[in-house]
Every structure is written in C-alpha cells, then in structure tokens.
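To keep things clear, I will list the structure first and then write my remarks on it.
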Amino acid sequence: MKKTFFSIITIIFGVLAFYPCVTNAEIIRSFSSDITVMPDSSLVIKEKIVYDFENALRHGIYRDIPLKNKERENIEIEVLSVTDKDDKPQVFTTSTKNQVLNIKIGDNGVIISGEKGYNITYKVFGAVDYYEDFDEVYWNVTGNEWNVPIEFSEVSITLPKDVFPKERKCYFGPSGSKTSCKVVDDKTYQVEKVLAEGEGMTVAVALNKGAVSEYQHKTDNKLLAFLSIFWPAFLPVIVFCFMFYRWHRKGRDPKGKGIIKPEYLAPEDLSPVEVGGIMHEAIKPRSISAQIIDLAIRGFIKIKPIENKLLGFSYKQDYELTLLVEIGFLDNDFDKEIIKTMFGDNPTVGGVTMLSALNNLFYKSVSKISGLVIDSLLKKKYYFNFPKNNWSITIILLGLLVVQPIGLIIMSNQTHDPRRDVIFISSFIFSIGIALIFQFLMPSKTKKGVLMKEYLLGLKEYLQIVEKDRLVFHNAPEKKPEVFEALLPYAIVFGVEELWAKEFNDIYKTNPEWFENSGGNFNTANFGKELSTFGTVLISSISSTPHDSSSSSGSSGVSSGSSGGGHGGGGGGSW
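Start counting the sequence shown at 0; every next residue gets the next number (numbering that gives the first Met the number 0).
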C-alpha cells in the first residue's frame with residue numbers, strides 16, 4: 000500500500016517537473032510591416048511574420064483584417080501574394096465573413112511545427128481619411144486580436160515622392176492606449192517589449208490636404224452609388240407628407256366668428272390652467288403658476304414671503320406655502336395633483352413647504368398635470384384632438400430606426416463619404432423641425448373651442464388696456480379688489496399681470512388674506528412687486544430639472560489617436 004502511494008506521488012511530481020518542457024507556448028517572434036502610400040491613396044502593405052509553433056503540430060496560420068473600422072467606414076483589400084521567408088509561394092485561401100477578411104495560409108495535408116516565416120502582401124483601397132485641412136493614414140498595424148503574444152513589432156511607412164508628413168505618431172498597448180512607440184528613423188517605429196494578447200501597434204501619419212488623390216469606390220450600379228450618398232435627403236419629404244396627412248385629417252380648426260371684442264368676466268367653466276391650454280395649445284409653466292395663484296385666491300393655500308439674510312443683508316428671496324383646506328374639497332384632478340406635488344402624496348391641513356424646495360421636483364409632475372388638464376378640455380369638448388405627448392416625434396424617430404438598416408445595406412459596399420454625413424445630419428434636423436411645426440399645429444379645437452379662444456382674446460384685450468384708453472369700455476366692471484383677484488390668474492396666463500396690477504394701485508387698502516405682507520404698512524406698489532417676484536420664482540421652480548451634462552469628442556489619429564484605432568487591425572492565430 001505504501002509502495003503504491005509513493006509511486007503515485009513520484010509520477011505526479013515527475014509530470015509536473017516535465018510539464019514546462021512539453022507545453023506548447025506559441026508566439027510571434029517578430030511582426031514587421033512595410034506600408035507604402037501610393038499617389039492614388041491606396042496602401043501596399045507587406046507583413047513579415049515570424050511565427051513559432053514550438054512543439055505544436057499545425058498546418059499554418061491565419062490573418063484576419065476587418066473591412067470596416069469602428070466608424071463603419073469601408074475599406075477594400077486585394078491580396079497580392081503570400082510567401083515564406085525565402086519568398087517561396089505558399090498555399091492560401093481568402094474568405095469574408097461579417098466584414099472581416101480571412102487569409103488562411105497552409106496546406107491541410109502538411110503538418111508543421113517550430114519557427115516559420117510568412118510574408119503577406121496586400122493592397123488596401125479606401126484607408127486614407129480625408130479631413131478639412133489634411134489627409135491621414137491611420138492604420139492598426141498588428142491588430143489587437145491575436146491569440147498569441149508578439150515578441151517584437153516594427154512598422155515602416157513610405158510616402159509618395161515629394162510628399163512629406165505634417166505629423167506622425169505611433170502607439171502600442173491595449174485598445175485606447177496612448178503609449179508611444181520607439182522612433183528608429185523618420186519613417187520607422189518599433190515596439191521592443193512583448194505585446195500580450197489584446198495589445199497591438201497603430202501608426203498615424205497626417206499629410207497635406209490633396210497630397211494623394213481621393214479614392215472613389217468601384218460600383219457597377221450608378222443608381223446605387225447615388226442613393227448611397229443622397230438617400231438621407233428623401234427623409235424630410237417623407238416626414239412632411241406623413242405629418243401633412245395627419246394634420247389634414249386631425250389638426251385643422253373650424254372657423255369662428257372672426258370678431259374680437261373686449262370681454263370683462265372670466266369664463267365660468269375654465270380654470271386659468273385650462274385657459275392656458277386653449278390660448279397656447281400647450282400646458283406651460285406660466286399657466287401652472289397661474290393656477291397656483293388661483294388656488295391661493297380661492298383660499299386653499301397661503302403665501303408668505305421669506306427673506307434669507309446674511310449679516311443683515313437679504314441675499315435670497317423665498318416663499319413659504321401653507322395648505323389651508325383639505326384636498327378633498329378640490330373640484331378637479333389637476334388641482335389635486337398640483338397640491339400633492341407641493342405638499343406630498345398625503346397632504347394635511349397646516350402642511351408647510353418652501354418654494355425653493357420645489358426646484359427639480361415639479362418636473363416629475365408636469366407631464367401628469369398637463370395630461371389631466373388636456374383630459375378636462377377634451378371632456379368639456381373644447382378640443383377634438385389634443386395630443387398629450389409628442390407622438391409625431393416618437394413615430395418619426397422610430398421610422399428613422401427602421402430606415403437606418405436599409406441605408407446601411409445600401410452603404411455596406413460604399414466608401415465613407417463626408418457629403419453623406421452632412422446630408423444625413425441636415426435631413427435629420429429638418430425632419431425633426433417639420434415634425435415639431437406640425438406637432439404645434441396638431442391640436443384641433445371644436446367650434447366651442449374656437450369661440451372660446453376668441454372670447455379669451457377679448458378678455459386679454461381688456462386686461463392689458465391702459466387707464467387712458469379704458470374709457471371706451473362702457474360696460475367694464477367697477478375696479479374693486481375682488482375684480483382684481485378674480486382676473487389676476489388669467490392676466491398671468493396672458494402675461495399681462497403687471498399692466499393689470501397697475502390699474503389697482505389705489506384700490507387695495509389692506510393686505511389680501513392669501514398673500515401675507517412681508518412687513519410694515521401695506522403698500523399696493525410693493526404688493527405688485529412681490530407678486531411679480533413670486534411669479535418669476537414659481538415659474539423657475541416649475542421649469543427646473545436636474546442638470547446632467549456629458550460630452551464626448553474625437554478627432555484624427557495623429558492628434559488624439561490610440562492603439563487599436565484607425566483602419567486595419569484584426570489579428571490571427573494558428574490552425
């Protein structure tokens with residue numbers, strides 16, 4: 000039993016001791032690339048790869064080169080020759096899958112091992128990038144996807160006669176690395192450390208604009224070539240036709256009386272925020288702020304100015320809001336939602352909140368409040384159609400997502416063309432602009448809604464008229480505090496509250512119950528200023544959203560390139 004145990008232990012240690020000697024650690028001893036830039040902008044590249052199979056039994060190696068870079072720009076590759084280190088032709092096949100060229104070198108009937116040399120020569124079309132002020136060769140020399148390490152790597156780049164580089168860079172390491180290669184001479188770079196799996200070498204050379212001619216990709220179909228560049232120009236036309244059809248069916252208002260005459264009373268069945276919906280065909284923050292003032296005037300909340308002071312100086316104006324009546328006494332859902340937004344989901348009488356605390360909070364409820372107001376206007380039959388959301392924009396964006404794959408199929412065999420980028424961006428902007436214009440026109444009023452808007456325009460005319468012209472209004476009501484309060488929220492909706500307040504400078508003698516005086520004797524002029532300040536702060540609170548900014552930038556390989564960037568790349572292995 001003991002002999003058996005010691006025999007097993009001896010075998011295990013023997014295998015472990017011998018293991019390093021029999022493992023097959025394949026490695027690329029050297030990877031040298033000679034890149035020649037031709038006057039027609041093509042690149043002739045000769046890769047000299049010394050591959051050590053160690054003790055592994057293989058047939059040869061394969062080399063993968065992407066036909067698209069990370070920006071989905073196309074390149075074309077023509078394999079010219081594959082030889083061994085002595086320039087003897089080698090058996091190879093090529094295939095393309097998922098926009099990657101595969102060069103498979105070796106004979107299926109021949110087994111090899113040890114160190115072998117391979118020279119791969121190929122010509123690349125469309126690998127020069129064209130910018131406004133310069134042209135650029137940005138080439139991933141080794142690729143970052145080899146499954147074996149590269150012991151030594153080198154690249155040499157030769158430019159056409161009388162063409163000189165504006166700037167040159169070479170990077171190595173994992174994708175995104177900006178570690179510079181060793182400069183050997185004016186056209187050669189080396190990496191003397193081992194490139195591990197996932198690491199590679201990339202070179203970038205900027206040329207004077209027009210130093211090489213711009214390559215035009217071959218195509219046998221002129222219509223396809225035209226569409227590959229100009230197809231985005233059709234998008235605004237399609238969007239216009241779609242939106243015009245929707246507007247023609249659902250977005251036109253009937254005719255009203257066409258006569259606007261002064262009106263003196265607030266509409267009986269419309270709150271200020273609903274009036275804003277009819278006037279602006281949208282629920283704006285100003286209309287919601289007018290509704291809050293209306294809630295205060297009706298006795299549901301009280302407003303108290305608060306001056307925050309530092310060293311005796313006022314540095315920030317704030318307002319304290321107090322809930323005075325239970326939410327159940329409110330008649331409509333949008334008023335209840337406004338109260339919940341200010342005082343919480345379960346508001347209680349006596350609850351207090353600061354206006355400053357509503358910053359970055361109201362935006363969560365604005366959409367729901369708007370929807371409830373729109374539902375009310377539809378229910379009261381002031382509108383036939385009133386979209387709650389920008390469905391037109393959403394439909395167009397979804398449509399563009401459908402169109403994009405079609406465009407990519409068309410472009411798959413075409414070169415990157417800056418004109419197409421400009422056309423696509425311009426067409427996209429125009430399409431969204433068209434959709435926004437029609438979306439603005441989409442709400443369609445009923446006959447009742449059109450007549451109400453004419454009435455409201457007459458009310459606005461009365462509210463903004465100055466005293467010297469008010470004599471023409473023979474039927475205007477007597478100026479009293481209750482008249483001022485009844486129409487104040489509507490004046491806010493119309494944006495004429497300051498003109499309306501001036502008409503009551505000598506009418507108010509005491510502070511209104513819903514707006515507490517900030518101190519001292521009551522003064523109508525000061526009260527008007529307080530109201531204006533409160534309205535400004537309130538609209539700001541309703542409109543505020545959390546700020547989130549992020550940006551990204553990119554530029555040419557020379558200026559801010561990195562390992563793994565540009566055209567070329569890929570990797571390979573043994574088979």
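Glycine included, each C-beta is placed from N, C-alpha and C at the ideal position. All of these numbers come straight from a predicted model, not from anything done at the bench.
For residue i, tell me which candidate among the options has the shortest Cα-Cα distance.
i, options, result
"serine 443", "Tyr381, Val482 and Lys478", "Tyr381"
"isoleucine 541", "Gln463, Ile424 and Ser286", "Ser286"
"valine 306", "Val43, Phe533 and Lys47", "The question names valine, but residue 306 is glutamate in the sequence shown. If we check each option's Cα against that of glutamate 306, Phe533 comes out closest."
"histidine 279", "Thr141, Val372 and Pro261", "Val372"
"leucine 598", "Ser543, Lys452 and Thr157", "The question about residue 598 has no answer here: the residues shown for the chain are numbered 0 through 574."
"serine 531", "Trp499, Asn101, Ile506 and Glu512", "Trp499"
"lysine 528", "Ile428, Val182 and Glu497", "Glu497"
"serine 29", "Phe163, Tyr130 and Gly116", "Gly116"
"isoleucine 302", "Tyr130, Lys87, Val36 and Glu515", "Glu515"
"asparagine 207", "Asp83, Tyr214, Asp134 and Gly571", "Asp134"
"serine 573", "Thr340, Ser112 and Asn331", "Ser112"
"proline 159", "Ile34, Phe243, Ile338 and Leu354", "Ile34"
"alanine 24", "Asn54, Ile48 and Lys45", "Asn54"
"isoleucine 428", "Phe233, Trp513, Lys192 and Gly448", "Phe233"
"arginine 297", "Phe243, Phe328, Ile259 and Ser31", "Phe328"
"leucine 376", "Ser31, Ile464 and Ile277", "Ile277"
"isoleucine 538", "Val365, Thr95, Ser425 and Ala210", "Val365"
"lysine 84", "Asn97, Phe423 and Ser31", "Ser31"
"leucine 56", "Phe342, Gly209 and Asn107", "Asn107"
"asparagine 358", "Thr535, Glu502, Leu450 and Asp344", "Thr535"
"alanine 210", "Phe52, Asp128, Gly571 and Ile102", "Asp128"
Kindly list the residues whose CB is nearer than 7 Å to the CB of residue i, restricted to its own chain and excluding five residues on each side of it in sequence; keep chain order.
i, result
"isoleucine 74", "Leu66, Val123, Phe124, Gly125, Ala126 and His566"
"isoleucine 578", "This structure cannot speak to residue 578, because the chain is shown only from 0 to 574."
"valine 109", "His58"
"valine 272", "Ile282, Ser286, Ile287, Ala289, Gln290, Phe333 and Val372"
"proline 261", "Gly457, Glu460, Tyr461 and Phe472"
"lysine 165", "Phe133, Ala205, Leu206 and Asn207"
"tyrosine 121", "Ile44, Ile76, Glu77, Val78 and Leu79"
"phenylalanine 423", "Pro231"
"serine 426", "Pro231, Ala232, Leu234 and Pro235"
"phenylalanine 385", "Ile373, Leu376, Leu377 and Pro442"
Skipping 5 residues on each side, what residues in its chain have a beta carbon closer than 6 Å to that of residue i?
i, result
"serine 369", "Ile282"
"threonine 22", "Confidence in threonine 22 is poor, its pLDDT being 44 and thus under 50, which makes the residue's placement unreliable; the coordinate value appears in the next sentence. There are no such residues."
"glycine 105", "His58 and Gly59"
"tyrosine 214", "Ser40, Phe124 and Gly125"
"phenylalanine 239", "Ile433"
"serine 212", "Asp39 and Ser40"
"lysine 47", "Ser31 and Asn118"
"valine 183", "Gln189"
For residue i, collect the residues of the same chain with a Cβ closer than 8 Å to its Cβ; drop the 5 residues on either side in sequence, then sort them by chain order.
i, result
"glycine 563", "Asn139, Asn143, Pro173, Ser174, Gly175, Ser176, Gly199 and Thr201"
"phenylalanine 5", "Because the pLDDT at phenylalanine 5 is just 48, under 50, the model does not fix this residue reliably, and the value given afterwards should be weighed accordingly. No residues qualify anywhere along the chain."
"glutamate 196", "Trp145, Asn146, Val147 and Pro148"
"isoleucine 506", "Lys478, Lys479, Pro480, Phe483 and Thr523"
"threonine 445", "Pro253, Lys380, Tyr381, Tyr382 and Phe383"
"lysine 181", "Tyr188, Gln189, Val190 and Glu191"
Using 8 Å for Cβ pairs, my map puts residue i next to residue j. What's the rounded Cβ distance?
i, j, result
"valine 348", "glutamate 325", "6 Å"
"arginine 62", "isoleucine 27", "At roughly 11 Å, the Cβ-Cβ gap does not stay under 8 Å, so arginine 62 and isoleucine 27 are not in contact."
"glutamate 336", "lysine 367", "6 Å"
"glycine 569", "valine 162", "That belief does not hold up - the Cβ atoms of glycine 569 and valine 162 are roughly 27 Å apart, past 8 Å."
"glutamate 114", "valine 36", "Actually they are not in contact, since the Cβ atoms of glutamate 114 and valine 36 sit about 31 Å apart, beyond 8 Å."
"glutamate 453", "isoleucine 259", "6 Å"
"leucine 194", "threonine 157", "Leucine 194 to threonine 157, Cβ: 23 Å. No contact."
"proline 266", "serine 430", "About 38 Å separates the two Cβ atoms, so there is no contact after all."
"serine 355", "aspartate 330", "With 8 Å as the limit, serine 355 and aspartate 330 do not qualify as a contact, their Cβ atoms being about 29 Å apart."
"valine 274", "leucine 450", "Contact doesn't hold; Cβ gap of about 14 Å is too wide."
Touching by the beta-carbon criterion (3+ pairs, under 8 Å), the segment 291–307 and the segment 485–495: The segment 291–307, when compared against the segment 485–495, does touch it at the 8 Å Cβ threshold.
Considering only residues of the segment 241–308, which uninterrupted alpha helix (DSSP H) runs meet the minimum length of 4 residues and lie entirely inside it, listed in chain order? Within the segment 241–308, the complete alpha helix (DSSP H) runs of at least 4 residues are 271–279 and 284–296.
Check whether the segment 169–189 and the segment 146–155 are in contact - that is, three or more C-beta pairs closer than 8 Å. Verdict: yes, contact present.
Is the number of C-beta pairs between the segment 447–463 and the segment 491–504 that are closer than 8 Å three or more? Contact between the segment 447–463 and the segment 491–504 is present, because at least three Cβ pairs lie under 8 Å.
When the Cβ atoms of the segment 35–49 are set against those of the segment 88–103, are three or more pairs found closer than 8 Å? The segment 35–49 and the segment 88–103 do not touch, with fewer than 3 CB-CB distances between them shorter than 8 Å.
Completely contained beta strand (DSSP E) runs for the segment 83–168, where each covers 3 or more residues: Counting whole runs of 3 or more residues, the segment 83–168 contains the beta strand (DSSP E) stretches 91–96, 99–105, 114–124, 127–129, 133–139 and 152–157.
Runs of 4 residues minimum, wholly inside the segment 324–352: which ones carry the alpha helix (DSSP H) assignment? Correct list: 332–342.
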